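Numbering (this note's numbering), first residue to last: 244 to 573.
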Amino acid sequence: MREFDYRRAHDVTGAVALLAADPDARYLGGGTNLVDLMKTGVERPALLVDVRELPLDRIEPTADGGLRIGATVTNSDLAVHPEVRRHYPALTQALLAGASGQLRNMATVGGNLLQRTRCGYFTDLSQPCNKRAPGTGCPAVAGEHHNHAVLGASDHCVAVHPSDMGVALTALDAVVSYESADGPGEVPVTDFYLPVGDTPHRETALPPGALITQVTLPAAPVAARSRYRKVRERASYAFAIGSVAAALTIEDGRIREARLALGAVASRPWRARAAEAVLTGAPADGATFAAAADAELAAARPLPHNGYKVTLMRNLVVSVLTELAGEDAR
Numbered sequence: 244m245r246e247f248d249y250r251r252a253h254d255v256t257g258a259v260a261l262l263a264a265d266p267d268a269r270y271l272g273g274g275t276n277l278v279d280l281m282k283t284g285v286e287r288p289a290l291l292v293d294v295r296e297l298p299l300d301r302i303e304p305t306a307d308g309g310l311r312i313g314a315t316v317t318n319s320d321l322a323v324h325p326e327v328r329r330h331y332p333a334l335t336q337a338l339l340a341g342a343s344g345q346l347r348n349m350a351t352v353g354g355n356l357l358q359r360t361r362c363g364y365f366t367d368l369s370q371p372c373n374k375r376a377p378g379t380g381c382p383a384v385a386g387e388h389h390n391h392a393v394l395g396a397s398d399h400c401v402a403v404h405p406s407d408m409g410v411a412l413t414a415l416d417a418v419v420s421y422e423s424a425d426g427p428g429e430v431p432v433t434d435f436y437l438p439v440g441d442t443p444h445r446e447t448a449l450p451p452g453a454l455i456t457q458v459t460l461p462a463a464p465v466a467a468r469s470r471y472r473k474v475r476e477r478a479s480y481a482f483a484i485g486s487v488a489a490a491l492t493i494e495d496g497r498i499r500e501a502r503l504a505l506g507a508v509a510s511r512p513w514r515a516r517a518a519e520a521v522l523t524g525a526p527a528d529g530a531t532f533a534a535a536a537d538a539e540l541a542a543a544r545p546l547p548h549n550g551y552k553v554t555l556m557r558n559l560v561v562s563v564l565t566e567l568a569g570e571d572a573r
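Quick look at the structure:
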């Protein structure tokens, strides 16, 4: 591990200034991903700027009935917050499915959004990887890729994003706020992650050195009837091989509003716009749910060893939507 300096930030402006002065600096929240990457040599920061003591650890209502979540709120605190459980249950479910209790106690909201892929080629310095070392290639395309992308990938990278929380936030139309050397800014979670294209090393729309300060959940009655389900290869703590965050509003047997996002199928949490278009205004029944899943997955381009994900995700979407429709009927 490279020797590094450590500074504790006491205000947002000071933290951003430290990153602006050193391109090899990194923000340190819970460290549950960054420290692991430092141990393997994937990340080699010269300076860690600890942001845990910044005043970004609050969960507060917004004037329009939404919720403002500070970037250093832990995943555990967010999961059990009564307003989250009441109005955004898919987010609570995603957080509880996302990691062990010990990790949730340390991991922060901002860090969760910025966690890196768990692709084995990315974390192995003996292997080429366009995400880690641009221009070296993507060995996963012809190698081990059973849990890699089936949507939105390219020949340059087929890794998937590992966040469960990010999938729920994508379905719930959350907005990320940040502070940079040029001032504050914000970006919807749906635009926060960049398409992989030929620059997989550029993962987010954040300006260089920007610090995430909060995530805002807009008021959305549909979110109160929401669900997150994750499929993994073992029942204990593991990353998803597929997941779904969904929300429905049903009136007189027809879907008035639908939100749907998929996880572990792309380099970013995948907002299922094609499926939502099929769902909106249609009968809330199995035929509609299957048609919506098929419309979204028509763009899937599986690799030789991950085609199972297309069937898995189709069944998962139909199952989750059917359960939500059944809750509405009760």
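C-beta: ideal position from N, C-alpha, C; glycine also. Please read these numbers as outputs of a predicted model, since none were measured by experiment.
Sub-8 Å separation of residue i and residue j beta-carbons
| i | j | result |
| --- | --- | --- |
| valine 189 | arginine 472 | Past the boundaries of the shown model lies residue 189; the chain is included only from 244 to 573, so the question cannot be answered. |
| alanine 540 | arginine 557 | For clarity, residue 540 is leucine in the given sequence; the question names alanine instead. For leucine 540 and arginine 557, yes; Cβs fall inside 8 Å. |
| asparagine 373 | arginine 347 | no |
| glutamate 494 | threonine 456 | no |
| glycine 273 | threonine 351 | yes |
| glutamate 546 | valine 419 | Position check: residue 546 holds leucine in this sequence, whereas glutamate was assumed. Result no, Cβ atoms of leucine 546 and valine 419 do not sit closer than 8 Å. |
| leucine 394 | alanine 533 | no |
| serine 510 | alanine 396 | yes |
| arginine 468 | leucine 356 | no |
| threonine 442 | proline 512 | no |
| histidine 330 | alanine 501 | no |
| alanine 463 | leucine 505 | no |
| alanine 417 | leucine 460 | yes |
| asparagine 549 | histidine 324 | no |
| valine 327 | threonine 315 | no |
| glycine 529 | threonine 492 | no |
| glycine 452 | leucine 297 | no |
| valine 432 | glycine 409 | yes |
Given residue i as reference, the closest of the options once Cα atoms are compared
| i | options | result |
| --- | --- | --- |
| isoleucine 484 | Ala462, Arg497, Thr492 and Val508 | Val508 |
| threonine 554 | Leu412, Asp407 and Ala536 | Ala536 |
| arginine 245 | His399, Val278 and His253 | Val278 |
| leucine 559 | His548, Arg470, Val521 and Arg544 | Arg470 |
| valine 458 | Gly257, Glu303 and Thr379 | Glu303 |
| leucine 299 | Val255, Asp307, Ala268 and Ala264 | Val255 |
| threonine 379 | Gln370, Gly386 and Glu387 | Gln370 |
| arginine 514 | Leu522, Ala488 and Gly529 | Ala488 |
| alanine 520 | Asp528, Gly529 and Arg499 | Arg499 |
| asparagine 276 | Leu262, Glu296, Thr366 and Glu570 | Thr366 |
| proline 526 | Ala538, Tyr551 and Gly496 | Gly496 |
| glycine 313 | Ala252, Ala342, Lys282 and Gly354 | Gly354 |
| tyrosine 551 | Ala478, Val474 and Val430 | Val474 |
| alanine 478 | Pro377, Gly341 and Thr447 | Gly341 |
| alanine 538 | Arg311, Gly569 and Leu503 | Leu503 |
| aspartate 407 | Lys282, Leu339 and Glu570 | Leu339 |
| methionine 281 | Cys381, Arg311, Gly309 and Arg375 | Arg375 |
Under the three-state DSSP convention, the category residue i falls into
| i | result |
| --- | --- |
| valine 403 | coil |
| tyrosine 480 | coil |
| valine 487 | strand |
| lysine 473 | strand |
| tyrosine 249 | strand |
| glutamate 539 | helix |
| valine 294 | coil |
| proline 304 | strand |
| valine 285 | coil |
| arginine 328 | helix |
| serine 369 | coil |
| threonine 275 | coil |
| glutamate 387 | coil |
| arginine 511 | coil |
| proline 266 | coil |
| leucine 338 | helix |
| proline 394 | Inspection of the sequence shows that residue 394 is occupied by leucine rather than by proline. It is coil, neither helix nor strand. |
| threonine 456 | strand |
| serine 319 | helix |
| serine 423 | strand |
| leucine 559 | helix |
| valine 439 | coil |
| alanine 350 | coil |
| arginine 361 | coil |
| threonine 256 | helix |
| glutamate 446 | coil |
| arginine 311 | strand |
| leucine 546 | coil |
Contact belief for residue i with residue j at Cβ below 8 Å, rounded distance in angstroms
| i | j | result |
| --- | --- | --- |
| leucine 454 | tyrosine 249 | Not quite, the Cβ-Cβ distance comes to about 17 Å (not below 8 Å), so this is no contact. |
| alanine 411 | alanine 518 | Actually they are not in contact, since the Cβ atoms of alanine 411 and alanine 518 sit about 16 Å apart, beyond 8 Å. |
| alanine 294 | alanine 258 | Residue 294 is actually valine in this sequence, not alanine. At roughly 6 Å, the Cβ-Cβ gap stays under 8 Å, so valine 294 and alanine 258 are in contact. |
| alanine 333 | alanine 490 | 7 Å |
| valine 439 | histidine 389 | So it is not a contact: roughly 19 Å between Cβ atoms. |
Distance cut-off 7 Å: residue i Cβ against heavy atoms of the ligand FMN
| i | result |
| --- | --- |
| asparagine 348 | Among the components of this structure there are no ligands whatsoever, and the ligand FMN is therefore not found. |
**Study point:** Touching by the beta-carbon criterion (3+ pairs, under 8 Å), the region 393-408 and the region 351-363
**Key:** With contact defined as three or more Cβ pairs closer than 8 Å, the region 393-408 and the region 351-363 are in contact.
Check your understanding: Pairing CB atoms from the region 281-290 with CB atoms from the region 319-339, are three or more of them under 8 Å?
Key -> Output reads no: the region 319-339 does not touch the region 281-290.
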